[in-house]
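Engineer: To start, I am sharing the structure in question, which I have written as structure tokens.
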Amino acid sequence: MYEGNTKPYLKIIGGQIVKPVGPHDDKARLRQYELPNGVKGEKWEVPFISWTGKIEKIEFKESEYGETCNIEFDDAHLQLNVAGRYFQDFASKIKNADLTKEVTVHPYDFEIEGGKRKTGVSVQQDGKKLTSYYYDGKNNLHGFPEVDQEKAKKKTYWKIYFAQVAEFLVEELKKMEIPRDALIQEVEKTFGGEVDSEGTAVDLPF
-16 MYEGNTKPYL KIIGGQIVKP VGPHDDKARL RQYELPNGVK GEKWEVPFIS
34 WTGKIEKIEF KESEYGETCN IEFDDAHLQL NVAGRYFQDF ASKIKNADLT
84 KEVTVHPYDF EIEGGKRKTG VSVQQDGKKL TSYYYDGKNN LHGFPEVDQE
134 KAKKKTYWKI YFAQVAEFLV EELKKMEIPR DALIQEVEKT FGGEVDSEGT
184 AVDLPF
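Residue numbers for the sequence shown follow the working numbering, beginning at -16 and rising by one.
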């Protein structure tokens, strides 16, 4: 859990959720990296196989590294690059979740036959894995962008297609509403007062 009003910011690196910490943390692991522009650096992090919590907010922010999806849990923020596979997988499955309940996010990244990598996010709730809201195993659903089979013969097409998918999923998540009972809990937790049936805070301590 977090202390005070400061929630840790988590990211997914190499199939694991990581939390930035100081070098003196007993569970800290050093990760060295190099950015596309050649800048090198290192970070101390604690890795997690998965993260479980209630989602309180989903919002998007622009940064020098592109658009980021910030998923605010009751005890942490999980940040995903909109252009990445982790975001696409999460966004496709979270639409099937009941946001009044906890969800578990479990990323993965491993090599499969032929040297290819399988990367994504398993989203679980009530002990069950959620499936994609936009694909039934055979067909795309709910307006998910279709592949142009003729244009798909060119390698350059796929960059354009996945950009369209990312844009579509961003707009879809922006439409998601946090259930009222989750908002009521947040107000009560923040201000220590009670909330009426309309979600309005009453008897606040100021």
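Beta carbons are placed, not taken as given, at the ideal position from N, Cα and C, and that holds for glycine.
(1) When you compare only the Cα positions, how much space is there between proline -9 and lysine 111?
(2) To which residues of the same chain is alanine 135 closer than 8 Å at the C-beta, ignoring the five residues directly before and after it?
(3) Once the 5 residues before and after phenylalanine 70 are set aside, which same chain residues still bring their CB inside 8 Å of it?
(4) So for threonine 83, helix, strand or coil by DSSP?
(5) Should lysine 40 go down as buried or exposed, given a rule of 16 or more other Cβ atoms within 10 Å for buried?
(6) What do you get for arginine 19, buried or exposed, if any count of 16 or more other CB atoms within 10 angstroms of its CB means buried?
(7) Based on Cα-Cα distance, which residue from Gly67, Asp109, Gly98 lies nearest to glutamine 147?
(8) Which residues in the same chain as leucine 13 place their Cβ atom closer than 7 Å to its Cβ, once the five residues preceding and following it in sequence are excluded?
(9) In this structure, does DSSP put isoleucine 143 in helix, strand or coil?
(10) Which one of Lys84, Ile77, Tyr91 has the shortest CA to CA distance from methionine 159?
(11) Round the Cβ separation of lysine 2 and valine 29 to the nearest angstrom and send it over; I've been treating them as touching at under 8 Å.
(12) Using DSSP's beta-bridge definition, name the partner residues of proline 31.
(13) Tell me the DSSP secondary structure of glutamate 129 in three-state form.
(14) How is threonine -11 classed by DSSP in three states: helix, strand or coil?
(15) Between the alpha carbons of aspartate 131 and lysine 137, how many angstroms are there, rounded?
(16) Return the CA-CA distance between glutamate 129 and glycine 5, expressed in angstroms with no decimal places.
(17) For serine 75, count neighbouring Cβ atoms within 10 angstroms of its own Cβ and tell me buried if that reaches 16, exposed if not.
(18) In whole angstroms, what is the alpha-carbon distance linking phenylalanine 56 and lysine 121?
(19) State the start and end residues of the unbroken beta strand (DSSP E) segment that holds tyrosine 16.
Structural biologist: Reading off the structure:
(1) 27 Å
(2) Trp141, Tyr144
(3) If we look at phenylalanine 70 and ignore the five residues flanking it on each side, its Cβ neighbours are Cys52, Leu63, Asn64, Ala149, Leu152.
(4) Under the three-state reduction of DSSP, threonine 83 is assigned to coil, being neither helix nor strand.
(5) exposed
(6) At residue 19 the sequence reads proline, which differs from the arginine that was named. Classification of proline 19: exposed, given that the 10 Å Cβ count is below 16.
(7) Gly67
(8) Short of 7 Å from the beta carbon of leucine 13, and not among the five residues preceding or following it, lie these beta carbons of its own chain, in chain order: Glu25, Trp27.
(9) Note: isoleucine 143 maps to helix in three-state DSSP.
(10) Ile77
(11) 5 Å
(12) The sequence as given places phenylalanine at residue 31; proline does not occur at that position. Phenylalanine 31 is bridged to Ile0.
(13) In this structure, DSSP gives glutamate 129 a state outside helix and strand, which the three-state scheme calls coil.
(14) strand
(15) 11 Å
(16) 45 Å
(17) With 16 or more neighbouring CB atoms inside 10 Å of its own CB, serine 75 falls in the buried class.
(18) 33 Å
(19) 12 to 17
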